[in-house]
Ligand SMILES: Nc1nc2c(c(CN[C@H]3C=C[C@H](O)[C@@H]3O)cn2[C@@H]2O[C@H](COP(=O)(O)O)[C@@H](O)[C@H]2O)c(=O)[nH]1
């Protein structure tokens, strides 16, 4: 038997019936950890946040919250902390200091490289401001994702799977969703095509779907995940875990529409599933050293 995950339609139907086709509403920033001033600095904050929004698990005490809170505190202390020229100059130890983290961050060199890349390209093409990327996307989240991926190679979350290119664009899509959530669909968060954004294929959502029984893993894959083996970035298994998660949630959304006549966004389903996942610290997730999620 292969090691690939399998999508279980019966389990999915049960879940959709249990919630009566209504996705429990989770407020964006339910954790109360994000910087928000209703202006362009918030866009800069979210863009830098999502440039670094990956791979926290190698340090068991580190989580996404530390990154969000650290960048928020940095901005509150110094409004110019995330200016494009400053982004290009941070070293690893300076980034740690900014985030108030006492030891090297996972993939720290990559994080620093990505910060420099973001600062340089913001300066070169967007007058230093992430808000200008958003202004040039014509209120389309899809255009925003494409623009970000075109200008910032670090956001090009793609892999080659059995000869096909697979694009999951987790961090570029979450940037659009974060704008939409933070600005409550207004101003910098106004997009007419949020329904075209899929879930953000990270390491939490697949673990939640597995726990719910919607994704079934072979015993070989289950054993390696449960014994904390690392899964190689770009491997077939890694792409399958992520792509099956996107597929499962799209199927859930289709089922809710056909059975309950309700339109739901994948972004709303993502936030619900993700918030369940991060509140369950014992959840076993797959471990891949990746800059994409
Ligand atoms: N699918 C999905 N993945 C998300 C997020 C978020 C945060 N979204 C903000 C938006 C509104 C909320 O109020 C959140 O604050 C982070 N992650 C991913 O989780 C992992 C971190 O886990 P841990 O090591 O336990 O902290 C890592 O891959 C990270 O990239 C999300 O929303 N959806």
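Residue numbers (this note's numbering): 29 to 321.
Beta carbons: idealized from backbone N, C-alpha and C, even for Gly.
If you're wondering where the values come from, they're calculated on a predicted model, not measured in any experiment.
- Query: Under the rule that 16 or more other beta-carbon atoms within 10 Å means buried, what is residue 312, buried or exposed?
  - Reply: It is exposed - the Cβ of residue 312 has fewer than 16 other Cβ atoms within 10 Å.
- Item | Closest by C-alpha distance to residue 318, when choosing among 240, 276, 199 | Selection 240, 276, 199 evaluated against residue 318 yields 199 as nearest (Cα-Cα).
- Cutoff 8 Å; reference residue 235; Cβ partners in own chain excluding five residues on either side: Sequence-distant Cβ neighbours of residue 235 in its own chain, meaning closer than 8 Å and more than five residues away, are 305, 311, 312, 313, 314.
- Is DSSP giving residue 94 helix, strand or coil here? In the structure shown, residue 94 falls within a helical segment according to DSSP collapsed to helix, strand and coil.
- Excluding the 5 residues preceding and the 5 following residue 321 in the sequence, name in chain order all residues of the same chain whose CB lies nearer than 6 Å to its CB. If we look at residue 321 and ignore the five residues flanking it on each side, its Cβ neighbours are 82, 198, 230.
- Query: Can you tell me whether DSSP reads residue 301 as helix, strand or coil?
  - Reply: Residue state, collapsed to three classes: helix.
- Helix, strand or coil for residue 258 per DSSP? If DSSP states are grouped into helix, strand and coil, residue 258 belongs with the strands.
- Task: Taking only runs that begin and end inside the stretch 108-174, name each unbroken beta strand (DSSP E) of 3 or more residues, in chain order.
- Result: Taking only runs of at least 3 residues, no beta strand (DSSP E) segment lies wholly in the stretch 108-174.
- Query: What beta strand (DSSP E) runs, 3 residues minimum, are completely inside the stretch 199-229?
  - Reply: Fully enclosed beta strand (DSSP E) runs of no fewer than 3 residues are not present anywhere in the stretch 199-229.
- Message: Any heavy atom of ligand 1 inside 7 Å of the beta-carbon of residue 228?
- Response: Yes, Cβ of residue 228 sits closer than 7 Å to a heavy atom of ligand 1.
- residue 73 - DSSP class collapsed to helix/strand/coil: Helix at residue 73.
- Query: Where do the N-terminal and C-terminal ends of the alpha helix (DSSP H) with residue 288 fall, by residue?
  - Reply: Residues 264-288.
- Cα separation between residue 195 and residue 179? So the alpha carbons of these two residues sit roughly 16 Å apart.
- Let me know if residue 33 comes out buried or exposed under the rule of 16 or more other beta-carbons within 10 Å of its beta-carbon. Buried, by the Cβ-count rule.
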